[in-house]
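Our numbering numbers the first residue of the sequence shown as 10 and each following residue consecutively. From the three backbone atoms N, C-alpha and C, an ideal C-beta is built for every residue, glycine too.
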Amino acid sequence: MKQVRLHSRYGGDEFSILLPNSDEQRAGEVAQQIITSLSEPFLFYHHEFVVTPSIGITVFPTHGKSFGTLIKNADLAMYHAKSLGKNNFQFFNDELNAKAQHELDLEIDLRKALEQFQFELYYQPQFNIRTNQLCGAEALMRWIHPEKGIIPPVSFIPLAEETGLIIPMGEWAIRTACQENKKWQKAGYPPITVSVNISAKQFFHSNLVEIVQSALTETELQPKYLELEITESITMNVEHSISTLLELKKIGVKISIDDFGTGYSSLNYLKRLPIDKLKIDQSFIRECPYDINSNTLVRTIIVMAHLLKLQVKAEGVETQDQISFLLEQGCKEAQGYFFSKPIPVPEFESKYMEKRLEL
């Protein structure tokens, strides 16, 4: 006799299936049958579609003794299946539970960090490699946890993006960078441009133009000393991007595309965007000048930028040979560990800003 399956729509594109009197083996078999069936392409209005399901499985009572717990844990297993590339099924396990608890704890700590001002901006110097003079700095966020110490961005930025906390964090970064740059100017240091990274969520889901204008007005920093770094993914929504970028350009700030070459920028879109600079991603610089493919890509980006009348900057520079290669290709600006890692404000002031007074 066939076992009865009870199923229902659980969310927008989520469905739950109940298999009475089944074990892990049976659940795995049914999950594979579903994946195999849905993997068959189907036609809809003369278009062919393929569905790639992600399935999370829990077994009563091993993975929970209540309906709510079983559904929650199945959800965790489903998202784990998604993270592995979709079109597969995963069983819930204690490791997923620990990971979920860790992320929850991290989110709580992240919200506290915003309330308790636990963030600092570190600065990585940027140089004109022809004159060897400081020309700017990139502001990079660091979380100074009272118990865990410095938490690297890779550990909290993805969660901040996922939870939307990146929006208030990004606003804080813009205001703080403007405040600190203006403070340096008031101290008599020769002015530099400070660049701040703008996430896609911040770009599309916040009043970015008003935030930038407010920060500049409050700090009395001239707009030309603030540069906003956007990712290539932002440029995919061309009409919205152009509208927002034009408003920012009216204010007078500079715009650069960060990590250029790693995304999907169309040259047609690129020529339409009101930007000032391309930053060549460090993954291309890393193999220069000894890898012919990397050399060709970097050379092409530099030539293209110049033809479009854009400035170009290399990031991730670590050797003198890379500096020499970039100079030969006409790239004037660079940053990377060859000069300095990102450092806190006091160290940046003593190592770089104060030296400019001596020139």
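Would you kindly work out how many angstroms separate the C-alpha atoms of residue i and residue j, rounded to a whole number?
i, j, result
"Pro155", "Glu124", "13 Å"
"Phe24", "Val59", "18 Å"
"Leu336", "Ile166", "34 Å"
"Arg139", "Lys280", "27 Å"
"Lys249", "Leu319", "One detail in the question is off: residue 249 reads as His in this sequence, not Lys. Computed Cα separation, rounded: 21 Å."
"Glu358", "Ala146", "11 Å"
"Thr226", "Asp300", "47 Å"
"Val354", "Ser75", "52 Å"
"Asp267", "Ile117", "30 Å"
"Thr185", "Gln133", "15 Å"
"Met10", "Leu27", "Residue placement at Met10 is poorly supported in this model, since its pLDDT is 37, which falls under 50; the coordinates are not used for a value here."
"Ile44", "Asn246", "33 Å"
"Glu363", "Lys157", "32 Å"
"Leu52", "Thr61", "15 Å"
"Gly37", "Glu49", "19 Å"
"Val262", "Gly339", "24 Å"
"Arg151", "Tyr88", "28 Å"
"Val13", "Gln211", "In this predicted model, Val13 has a pLDDT of only 49, less than 50, meaning its place in the structure is not dependable enough to derive any value."
"Asn216", "Ile264", "17 Å"
"Tyr278", "Pro162", "30 Å"
"Asn304", "Lys191", "38 Å"
Among the residues of its own chain, which have a CB less than 8 Å from the CB of residue i, if the five just before and after it don't count?
i, result
"Leu79", "Thr67, Phe69, His72 and Gly73"
"Phe136", "Gln142, Leu143, Cys144, Glu342, Ala343, Gln344 and Phe348"
"Asp32", "Val68"
"Glu256", "Val218"
"Ile352", "Tyr131, Tyr132, Gln133 and Lys360"
Taking the DSSP output, what are the residues bridged to residue i?
i, result
"Val321", "Leu287"
"Tyr131", "Leu149"
"Ala343", "Phe136 and Ala323"
"Ile159", "Ile153"
"Thr202", "Gly145"
"Gln99", "Gly65"
"Ile352", "Tyr132"
"Ile266", "Ile239 and Leu287"
"Leu52", "Glu57"
Enumerate in chain order the residues of its own chain whose CB-to-CB distance from residue i is below 7 Å, with the five nearest sequence positions on each side excluded.
i, result
"Ser208", "Glu170, Ile175 and Gly179"
"Phe269", "Glu241, Leu287, Lys288, Ile289, Asp290 and Ile310"
"Lys91", "Ser63"
"Leu115", "Phe165 and Leu168"
"Cys297", "Ser303, Asn304, Val307, Gln331 and Phe334"
Excluding sequence positions up to five away, which residues of its chain have a Cβ less than 6 Å from the Cβ of residue i?
i, result
"Asn206", "Glu238"
So for residue i, helix, strand or coil by DSSP?
i, result
"Gly145", "strand"
"Gly371", "Within the shown structure, residues of the chain are numbered from 10 to 368, placing residue 371 beyond reach of any answer."
"Gly94", "coil"
"Asp22", "coil"
"Phe58", "strand"
"Gly37", "helix"
"Phe126", "coil"
"Leu230", "coil"
"Leu27", "strand"
"Ser191", "In the sequence under discussion, the amino acid at residue 191 is Lys, which differs from the Ser named in the question. Residue state, collapsed to three classes: helix."
Kindly indicate if chain C contains any beta-carbon less than 8 Å away from that of residue i.
i, result
"Cys144", "The structure shown contains no chain C; it is built from a single protein chain."
For the 8 Å Cβ check, are there 3 or more pairs between the segment 304-324 and the segment 102-121? no
Does the pairing of the segment 185-200 with the segment 98-108 give three or more beta-carbon distances under 8 Å? no
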